[in-house]
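Step one of this worksheet: look at the structure below.
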Amino acid sequence: MLSRLVRQILQATVYDVAIETPLEAAPRISEKLNNHIRFKREDLQPVFSFKLRGAYNRISQLPKSQLERGVITASAGNHAQGVALSGQKLGIRAIIVMPKTTPDIKVQAVKRLGGEVVLHGDSFDVANKYAIQRSKDEGMTFIPPYDDELVMAGQGTIGNEILRQWRDVDYVFVAVGGGGLIAGVAAYLGDVAPHVKVIPVEYDESACLKAAFEANERVILPSVGLFADGTAVAQIGEKPFEVIQLQKSDNSGPIVERDVVLVNTDEICAAIKDTYDECRSIVEPSGAMALAGIKKYVAEHGIQGKNMVSIVCGANMNFDRLRYIAERTELGERREAIFAVTIPEQKGSFLNFCRALQGRNITEFNYRASDSSAAQVFVGISLKGGETERHDIFEALKAQYDVDDLSDDEVAKLHIRYLIGGHANIENERLFRVEFPERPGALLTFLERLGPTHNITLFHYRNHGAAEGRVLVGLDAEDAQQNPDGLIETLENISYPYDEITNNLGYQRFLK
């Protein structure tokens, strides 16, 4: 299979619409990491993503009879634009099925490229099933986003370009979603340049390849985080996984390293800023994952002086996400720490607390008296010494106060910091984190399905430009004593993803 896929890569027809993107040096991040880093700028493609390569390669090789019937796909992201532009180039009908929850900016982008948009269903799975069924009913060709050899071959042309542009490359870091990109790139490099290590990078809330490696078979994740929406896939593709498990041509090892690098939201946000500082390009979260992976891999393995490529795979960023990303960047770069501290409610205690910080720069400060003898402080502190300084601050505060480090607490960073105002003392209150679809009527649907049984005691929502809204909900479970499972049954029937977080430290300190 490997040699066949390499032949398909060499015969790919991507350059009718795609460009050979530059492999740009990144001197700032190279100096910072003490390695030679270059960016493979797939964000410069006509649709600002590598997806055009695979889509066009697949469509352009269809027989004339199938081209005349048109093509169809399901996508709310970069694959949709790739299929739309391919259809426009070839002068054929291209239908793009998108969930009804798709932001209008993405719908309009596909329409501008000549795609015929059909909005169907409230999720990608529903839209995908509809597109597949319609392809059968109308004789159209369904174009998969990654689970197809010709799609993988189109993406694999990136590996061909990297090797021609930098013969001395040692590592290539690739963001992984369905696996089409890493399978194509690794297939080429594993056959032609087996000395190159291909390192997969996954968002820690959608790590389907890592799960497949651990189980030695494809698995379906029970839930998928949508911050890095370009790689938000619950199961690695069947054909990509077959390729990923192959050995290099010299049998020196697997074509894709098993050491999957997992990156979180804050680390991705920091990499978006690094990319902007380097080349003044604002990339989407998935487009920054490879760089986030490089930073983490280098730190964990102590590597120096190596030649590393970060594939900047996309830049289709909604503008309204930038506020959220900027807020999370400092934490991602370990340049800010967040602490919850209990201090005495007495004269001079505020001053003494600030003195305990030894003149460090405070980035955020929330103070609320909790009773006559104590007050709760939510404080952000600027770091110059990274994790070491964060630990030192914690130990210094611990010597004088009751303190918790909330720097890695997602609920504290996303919700609690905006809600600090005192304790409610509601006996049966239970706290939940719920994912709302970003569409009109989502809140009304939630309230109607919740019904009048459970009183809402707390509610916080903040848009951060993603396909889902993160909501913090407090509910007074009046029937908790008689029917402890009643509230859970109600939430299950609403069918919005949720987690109970009643024991969250930030909630217990500032709001309970």
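Sequential numbering of the sequence shown, starting at 2, is according to the numbering used here.
For every residue, glycine included, the Cβ atom is placed at its ideal position computed from N, Cα and C.
Nothing here was measured: the structure is a model prediction, and the numbers come from that model.
- Item | Residues near Ile421 by beta carbon distance below 6 Å, same chain, minus five either side | Taking the first residue of the sequence shown as 1, we reach residue 421 at position 420. Cβ within range, chain order: Asn367, Arg369, Phe379, Phe511.
Original post:
Does the segment 195–211 come close enough to the segment 227–235 to have 3 or more Cβ pairs within less than 8 Å?
Top reply: These segments touch.
* Exposed unless 16 or more other CB atoms sit within 10 angstroms - verdict on Asn252 -> Within the sequence shown, the letter at position 251 stands for residue 252. Per the 10 Å Cβ criterion, exposed.
Exercise. Residues bridged to Tyr462 by DSSP?
Worked result: Position 461 of the sequence shown, counting from 1, holds the residue named residue 462. Beta-bridge pairing links Tyr462 to Val472.
Sort His196, Gly178, Leu415, Ala110 by Cα distance to Leu222 and report the nearest one. Position 221 of the sequence shown holds residue 222. When only C-alpha atoms are compared, the closest one is Gly178.
| request: For Pro498, name the three-state secondary structure that DSSP assigns. | output: Position 497 of the sequence shown holds residue 498. Three-state DSSP puts Pro498 in coil, outside helix and strand.
ask   = Among residues of its own chain, excluding the 5 on either side of Leu151, which ones have a beta-carbon nearer than 7 Å to its beta-carbon?
value = Residue mapping note: residue 151 aligns to position 150 of the sequence shown, counting from 1. Once the five neighbours on either side are set aside, the close Cβ partners of Leu151 are Gln9, Asn58, Arg59, Gln62.
Review point. What did DSSP end up calling Gly381 once you bin it into helix, strand or coil?
Key: On the sequence shown, position 380 is the one that residue 381 refers to. In the structure shown, Gly381 sits in a strand (DSSP, three-state: E or B).
>> Taking the straight line between their C-alpha atoms, what separation do you get for Asn353 and Glu346?
In response: Locating residue 353 in the sequence shown gives position 352, counting from the first residue. Locating residue 346 in the sequence shown gives position 345, counting from the first residue. So the alpha carbons of these two residues sit roughly 12 Å apart.
Item to complete: Report the option in Phe433, Ala443, Arg450, Leu476 whose CA atom is closest to the CA atom of Asn505.
Response: For the purposes of this step, residue 505 is identified with residue 504 of the sequence shown, where counting begins at 1. Closest option to Asn505, Cα to Cα, is Phe433.
Below 8 Å on the Cβ atoms is my guess for Asp1 versus Pro241; work out the distance and round it to an integer in Å. As displayed, the chain neither begins before 2 nor continues past 513, which places residue 1 out of reach and without an answer.
### Query
Below 8 Å between beta carbons: does that hold for Glu43 and Cys314?
By 1-based counting over the sequence shown, the position of residue 43 is 42. By 1-based counting over the sequence shown, the position of residue 314 is 313. It is a contact, given that the beta carbons lie within the stated cut-off.
With a floor of 4 residues, list each alpha helix (DSSP H) that falls wholly inside the segment 148–176, ordered by position along the chain.
-> Runs found: 150–166.
Checklist entry - Just to confirm, are Ile97 and Glu69 a CB contact at a threshold of 8 Å? => result Within the sequence shown, residue 97 is the residue found at index 96, counting from 1. Within the sequence shown, residue 69 is the residue found at index 68, counting from 1. No, the Cβ-Cβ distance between Ile97 and Glu69 is not below 8 Å.
First through last residue of the beta strand (DSSP E) which encompasses Leu358: Within the sequence shown, residue 358 is the residue found at index 357, counting from 1. Segment: none, Leu358 is in no beta strand (DSSP E) and carries neither H nor E.
Query raised in the report: Using CA coordinates, which residue listed in Glu279, Lys137, Ala272 is at the minimum distance from Gly333?
Result: Indexing the sequence shown from 1 puts residue 333 at position 332. Measuring from the Cα of Gly333, the nearest candidate turns out to be Ala272.
According to DSSP, is Glu285 part of a helix, a strand, or is it coil? Stepping through the sequence shown from its first residue, residue 285 is reached at position 284. Under the three-state reduction of DSSP output, Glu285 falls in the coil class, being neither helix nor strand.
- Message: Do Val7 and Ala188 count as a contact pair if the criterion is CB distance below 8 Å?
- Response: Reading the sequence shown from its first residue, position 187 is the one you call residue 188. Reading the sequence shown from its first residue, position 6 is the one you call residue 7. In this structure, Ala188 sits near Val7, with a CB-CB distance shorter than 8 Å.
**Prompt:** From Tyr277, Arg322, Ser250, Val173, pick the residue whose C-alpha is nearest to that of Val261; which is it?
**Reply:** Counting from one through the sequence shown, the residue named residue 261 turns up at place 260. Looking at the Cα atoms, Val173 is the closest of the given residues.
| Looking only at C-alpha atoms, which of Glu428, Ile382, Gly180 sits nearest to Ala154? | Residue 154 sits at position 153 when you count from the first residue of the sequence shown. Just measuring C-alpha positions, the residue of Glu428, Ile382, Gly180 sitting nearest Ala154 is Gly180.
Cβ of Ala357 within 8 Å of Cβ of Gln305?
Reading the sequence shown from its first residue, position 356 is the one you call residue 357. Reading the sequence shown from its first residue, position 304 is the one you call residue 305. No.
>> Out of Lys399, Tyr462, Asn161, which one is the CA nearest neighbour of Ala13?
In response: Translated into positions along the sequence shown, residue 13 becomes position 12. Out of Lys399, Tyr462, Asn161, Asn161 has the C-alpha closest to the C-alpha of Ala13.
Point to revise | Residue interval of the beta strand (DSSP E) (run including Ile200) | key: Counting from one through the sequence shown, the residue named residue 200 turns up at place 199. First-last of the beta strand (DSSP E) with Ile200: 198–204.
ask   = Are the beta-carbon atoms belonging to Thr232 and Ala293 less than 8 Å from one another?
value = Numbered from its first residue, the sequence shown carries residue 232 at position 231. Numbered from its first residue, the sequence shown carries residue 293 at position 292. Cβ atoms of Thr232 and Ala293: not closer than 8 Å.
> Closest by CA to Gly452, which one among Asn494, Lys513, Leu263?
Replying inline: Position 451 of the sequence shown, counted from the start, is the residue given in the question as residue 452. Selected option, being the one with the closest Cα: Asn494.
Can you name the start and end residues of the alpha helix (DSSP H) that Ile144 belongs to? As a working note, residue 144 is residue 143 in the sequence shown. Per DSSP, Ile144 belongs to no alpha helix (DSSP H) and is neither H nor E.
**Report entry** Test item: CB-CB of His318 and Val284 under 8 Å
**Finding:** As a first step, residue 318 must be located in the sequence shown, where it is residue number 317. As a first step, residue 284 must be located in the sequence shown, where it is residue number 283. The sequence given here places Met at residue 318; His does not occur at that position. Their beta carbons are under 8 Å apart, which means Met318 touches Val284 by this criterion.
On a CA-only basis, which of Gly381, Ser350, Ala375 is nearest Thr364? Give me that one, please.
Reading the sequence shown from its first residue, position 363 is the one you call residue 364. The shortest C-alpha separation from Thr364 is found at Gly381.
- Item | Cα-Cα separation between Gln198 and Gly487, rounded to whole angstroms | For the purposes of this step, residue 198 is identified with residue 197 of the sequence shown, where counting begins at 1. For the purposes of this step, residue 487 is identified with residue 486 of the sequence shown, where counting begins at 1. Strictly speaking, residue 198 in this sequence is Lys, with Gln absent from that position. Computed Cα separation, rounded: 52 Å.
inquiry  = As a quick exercise: from Ser124, Ala81, Ile295, pick the residue whose alpha carbon is nearest that of Lys33.
reply    = Along the sequence shown, read from residue 1 onward, the residue named residue 33 stands at position 32. Out of Ser124, Ala81, Ile295, Ile295 has the C-alpha closest to the C-alpha of Lys33.
_Span separating the alpha-carbon of His556 from that of Ala75_ = Any answer about residue 556 is impossible in this case: the structure gives the chain only from 2 up to 513.
* Asked: To the nearest whole angstrom, what separates the beta carbons of Lys90 and Asp17, a pair I think is in contact under 8 Å?
  -> The residue given as residue 90 occupies position 89 in the sequence shown. The residue given as residue 17 occupies position 16 in the sequence shown. Indeed they touch by this definition, with Cβ atoms about 6 Å apart.
Quick one, which of Leu3, Leu45, His416 has its alpha-carbon nearest Gly191's?
To locate residue 191, count along the sequence shown from 1; it is residue 190. It is Leu3 whose Cα lies nearest to the Cα of Gly191.
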